[in-house]
Amino acid sequence: MTSLRPDLVRDYLRASWRVLLKELTAFGLVGAAAFVIDIGLFTLLAAHGALKAKAVSTTVSTAFAYFGNRYLSFSHRARTGIRRETSFFFGINLIALIASELVLAFFIYALGYGHSSGVVFVVNLATIGLSTVFRFWAYKRFVFLHPDRLAAREPESRRYLDEELAE
Numbered sequence: 000m001t002s003l004r005p006d007l008v009r010d011y012l013r014a015s016w017r018v019l020l021k022e023l024t025a026f027g028l029v030g031a032a033a034f035v036i037d038i039g040l041f042t043l044l045a046a047h048g049a050l051k052a053k054a055v056s057t058t059v060s061t062a063f064a065y066f067g068n069r070y071l072s073f074s075h076r077a078r079t080g081i082r083r084e085t086s087f088f089f090g091i092n093l094i095a096l097i098a099s100e101l102v103l104a105f106f107i108y109a110l111g112y113g114h115s116s117g118v119v120f121v122v123n124l125a126t127i128g129l130s131t132v133f134r135f136w137a138y139k140r141f142v143f144l145h146p147d148r149l150a151a152r153e154p155e156s157r158r159y160l161d162e163e164l165a166e
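Residue numbers for the sequence shown follow numbering that gives the first Met the number 0, so the first one is 0 and each next one is one higher.
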């Protein structure tokens, strides 16, 4: 049985904290820029319908956020292929968009706030906030994988071959 050495645990926690801080900071910077794009387009297009404006603003800000997150926020994480990453990334954002559209539709049509742009704007802000928390968790869990998680996904024979070649 292996005992935990306090110095190793401390070093691991310190390194983990630094990585998480880097991810959160970069995710926040990319997110802030994507937020400005999202809110700006939503405000600009809201006169044509809040749901249409939300779909367009989210699509454009998502495309921007993909490149920012891939090359800045999670640049140190393992790469699993552009096709896999983009499909998961945009799939996660589609889930967030559908949830936002449903909430906006509820406030506009069921509660009758269609003509109150102030309420719709605040609801849009709330959906962006909730979606941001969901996306950060989902990107780390499903899109930009930690190298240890990637190694666990590889077939045992592939890992054995890689270890043999490295020696």
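Built from N, CA and C at the ideal position, the CB exists for glycine as well.
Cβ distance (whole Å) where residue i is taken to contact residue j below 8 Å
i      : j      : result
Arg140 : Asn92  : With 8 Å as the limit, Arg140 and Asn92 do not qualify as a contact, their Cβ atoms being about 14 Å apart.
Ala95  : Ser130 : 4 Å
Gly30  : Ala64  : 7 Å
Length of the line joining the Cα atoms of residue i and residue j
i      : j      : result
Arg158 : Ile81  : Confidence is the limiting factor: at Arg158 the pLDDT is only 48, short of 50, which leaves the residue's position unreliable, though a coordinate-based value still follows. Rounded to whole angstroms, Arg158 to Ile81 spans 22 Å at the Cα level.
Ala125 : Ser99  : 9 Å
Ser74  : Ala45  : 35 Å
Asn68  : Val118 : 30 Å
Thr132 : Ala109 : For clarity, residue 132 is Val in the given sequence; the question names Thr instead. Cα to Cα, Val132 sits roughly 26 Å from Ala109.
Own chain partners of residue i with C-beta closer than 8 Å, once the 5 adjacent residues on each side are dropped
i      : result
Ala104 : Leu50
Thr85  : Tyr65
Same chain, Cβ closer than 7 Å to residue i, five either side skipped, listed in chain order
i      : result
Val59  : Ile36 and Leu40
Ala191 : As shown, the chain starts at 0 and ends at 166. That puts residue 191 outside it, with no answer to give.
Lys53  : Phe41, Ser99, Glu100, Leu103 and Asn123
Range covered by the alpha helix (DSSP H) that runs through residue i
i     : result
Thr79 : Per DSSP, Thr79 belongs to no alpha helix (DSSP H) and is neither H nor E.
6 Å Cβ shell around residue i - same chain, five flanking residues per side excluded
i     : result
Ala25 : Leu71 and Ser72
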